[in-house]
Structures are given as C-alpha cells and as structure tokens.
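Using the numbering used here, read the sequence shown as starting at 176 and increasing by one per residue.
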Amino acid sequence: MLNERFLIAGLGNPGKRYRDTRHNLGFMIVDFIARKKRVKFKKHEFFEIARFQLDEKEIVLMKPLTFMNRSGIAVAYGVEANQIVLSNLLVVIDDLSLPFERMRFRAKGSSGGHNGLKSIINYLQSEEFPRLRVGIRPDLEVDDIVEFVLSPFSEEEQKNLDAIIERAADAVFYWISEGIESAMNAFN
C-alpha cells in the first residue's frame, strides 16, 4: 500500500537544439534518476512522465514539454492529475545565481528571476513548494544571459557534469526520504 506520492519536475526545453544546454540541467537530473530506477518516460501532450516506487512512496518524474517559460502549464496539470500536495512537489532547475557545482534546496519562495519557476508559481498560485537549484554560474561575467543558458556546458564544465548530476539525484532521493529541512541542512 502506497502512503505518499511525490512529483519531481525537472525543468528544461524540449528538442535536440536544447538537449545539452545549461538550461536543461533539470531534464538531465530527472533523466539520470529514471535511468537509475530503470523506468522510461512516456510522452503526453504537455509533458513526459515516468513512475516508480521507493519504499512506500510513489515517485512521479516529469519533464514539461511546454518550454521553460511555460513550465507552469505542465506542472500544474501534473500536480492536479496526480493529487500532489505542494510540499511533495520538487522543482529541479538550473540557477545562474549559484556557482557551478553548488546546489541549494529551498522550501518555498519567489522565482528569483527564473522564468520556469515564475510560470509554475503563476499557474499554481503559490510559492509554497520546494525546489532544488543547481548552479550554472561561470567564473567570468556573462554578456548575454539568454545565450549563455541556452548554450552547451563548456569542455571544462563537462568534466564535472556527471558527478554534479549524480549528486543532485542523490539530493532528490534524500529529500524524498528525509524531508526539506534535513535536505537543506545536508546539501546547502
């Protein structure tokens, strides 16, 4: 008997053009989790979804296909269709304000300028949901933010990318089992 259901929404943009870009780090992390749990995503109109069980919990992985700036459409639908309480929704995103390799859980809060989060907050009419922000900020100043987030990771960054994705996946599993407060203490 399953006791709880969790929705892990990794944000990104669909299509080959964006697949390996910094803005798709959320997709990369939920893809890693799906491979680790040996589940496949099934495509729906607004999202791809995969499911697995962990202990007594049902875990729903989601990749919105509505593009980053409209992620709220898919996430709000996923929350409603799967009867997810907002404290069991985790949005996984790239974060330009955090240095590369750093990550930070937040229990709730504003979008911090992230358009995917802004869309989700708008569609859910709430800021009261956890998020895992994974840093992509470079050491040098960026002239064009849009161009930067929509470009692939540098050769140097790619050397550590697999380890970062794995650590973020571990953080997601930790959050599922231990909750947001413990996750913030362990990973922030």
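Backbone N, C-alpha and C fix where the C-beta goes; we use that ideal spot for every residue, glycine too.
Keep in mind it's a predicted model, so treat the numbers as computed, not measured.
Checklist entry - Residue range of the beta strand (DSSP E) that Leu273 falls in? => result Residue 273 sits at position 98 when you count from the first residue of the sequence shown. Segment Leu264 to Pro274, the beta strand (DSSP E) holding Leu273.
Next on the checklist: Between which two residues does the beta strand (DSSP E) holding Gly185 run?
Outcome noted: Counting from 1 along the sequence shown, the entry for residue 185 is found at position 10. Gly185 -> beta strand (DSSP E) spans Glu179 to Gly185.
Item to check | Sufficient close CB pairs (3 or more, under 8 Å) joining the region 243–257 to the region 209–224 | outcome: As far as the Cβ criterion goes, the region 243–257 touches the region 209–224, which means the pair count is three or higher.
Item to check | First through last residue of the beta strand (DSSP E) which encompasses Gln228 | outcome: Locating residue 228 in the sequence shown gives position 53, counting from the first residue. Phe222 to Leu229 is the span of the beta strand (DSSP E), which, as asked, contains Gln228.
Checklist entry - Which runs of the alpha helix (DSSP H) fall wholly inside the region 300–336 and span at least 4 residues, in chain order? => result The region 300–336 contains these whole alpha helix (DSSP H) runs: 320–324.
Next on the checklist: Using C-beta distances below 8 Å, list every residue in its chain close to Glu255, excluding the 5 sequence neighbours before and after it, in chain order.
Outcome noted: Numbered from 1 along the sequence shown, position 80 holds the residue referred to as residue 255. For Glu255, where only same-chain residues beyond five positions count, there are no Cβ hits under 8 Å.
Checklist entry - Touching or not, the region 278–295 and the region 206–214, by the rule of three or more beta carbon pairs under 8 Å? => result Short answer: they don't touch.
Item to check | Lys211 - containing alpha helix (DSSP H), residue span | outcome: Working through the sequence shown from its first residue, we reach residue 211 at position 36. Per DSSP, Lys211 belongs to the alpha helix (DSSP H) from Leu200 to Lys211.
Checklist entry - Three or more C-beta pairs closer than 8 Å, one from the region 303–321 and one from the region 264–275: is that the case here? => result Because the criterion of three Cβ pairs below 8 Å is met, the region 303–321 and the region 264–275 touch.
Checklist entry - If we call anything under 7 Å between Cβ atoms a contact, is Met359 one with Phe280? => result The sequence position of residue 359 within the sequence shown is 184, counting from 1. The sequence position of residue 280 within the sequence shown is 105, counting from 1. Cβ atoms of Met359 and Phe280: closer than 7 Å.
Next on the checklist: From the DSSP secondary-structure annotation, give me the bridge partner or partners of Pro239.
Outcome noted: Working through the sequence shown from its first residue, we reach residue 239 at position 64. Bridge partners of Pro239: Phe222.
Next on the checklist: Based on DSSP bridge pairs, tell me the residues matched to Arg279.
Outcome noted: As a working note, residue 279 is residue 104 in the sequence shown. Note: Arg279 is bridge-paired with Arg308 in the DSSP secondary-structure output.
Item to check | Leu236 and Ala225 closer than 7 Å at C-beta | outcome: In the sequence shown, the residue the question calls residue 236 occupies position 61. In the sequence shown, the residue the question calls residue 225 occupies position 50. Taking 7 Å as the Cβ cut-off, Leu236 and Ala225 qualify as a contacting pair.
Checklist entry - CA-CA distance, Phe362 and Lys191? => result Along the sequence shown, one-based indexing puts residue 362 at 187. Along the sequence shown, one-based indexing puts residue 191 at 16. Approximately 31 Å between the Cα atoms of the pair.
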